[in-house]
């Protein structure tokens, strides 16, 4: 028996759709990160992108537990002195609900070039419709 190593050319990427309505942010993000990495497949190889595409719907209806809506803060810095900006999870949920889920999933992926490629396979929409019907995405059970 030999260990099979997945190759970039032989990997078949599937499409999945997830409804994020009333689902806790962290629990959803971990499962999405596992699908993006390909850990749900038997051919998983850490150095090859074996993951699938994930389409997330209803991002504006995602649930946050505890007092995270007011207390959880996201920081960004411009690089200039005094250039720090802070945004709470509640503000982000109102302005850009897609970005809230994208940041949570990004934190659960490895920090390298492959992860940036995996994150491009995540499609997040705040409504209940999406433009990826032609790919015939399957429903992902959580």
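Residue numbers (the working numbering): 10 to 151.
No residue lacks a Cβ here, since even glycine has one placed at the ideal position from N, Cα and C.
Remember, predicted model here, so these are calculated numbers, not experimental data.
- With a contact defined as Cβ atoms closer than 8 angstroms, residue 57 and residue 27 miss out at about 23 angstroms.
- Straight through space, the alpha carbons of residue 98 and residue 84 are spaced by roughly 11 angstroms.
- Distance between residue 15 and residue 25, taken at the CA atoms: about 21 angstroms.
- Going by DSSP, residue 80 is part of the alpha helix (DSSP H) stretching over 77-80.
- In the structure shown, the three-state DSSP call for residue 68 is helix.
- Cβ neighbours of residue 136 within its own chain (closer than 6 angstroms, five residues either side excluded): none.
- If you draw a straight line from the Cα of residue 33 to the Cα of residue 41, it comes to about 12 angstroms.
- Considered as a whole, the segment 71-120 harbours 77-80, 98-104, 106-116 as its complete alpha helix (DSSP H) runs of no fewer than 4 residues, in chain order.
- Rounded to whole angstroms, the gap between the alpha carbons of residue 144 and residue 22 is 11 angstroms.
- The beta-carbon distance between residue 82 and residue 110, rounded to whole angstroms, is 17 angstroms. This is too long to meet the 8 angstroms contact definition.
- Under a 10 Å Cβ-count criterion, residue 125 is classified as exposed, with fewer than 16 other Cβ atoms of the shown protein chains found around its own Cβ.
- With a 10 Å radius around the Cβ and a threshold of 16 neighbouring Cβ atoms, residue 61 comes out buried.
- The Cβ neighbour count for residue 103, taken over all protein chains shown within 10 Å, is under 16; the residue is labelled exposed.
- Per DSSP, the unbroken beta strand (DSSP E) holding residue 132 starts and ends at 131-133.
- Distance check between residue 116 and each of 128, 106, 69 places 128 closest, using alpha-carbon atoms only.
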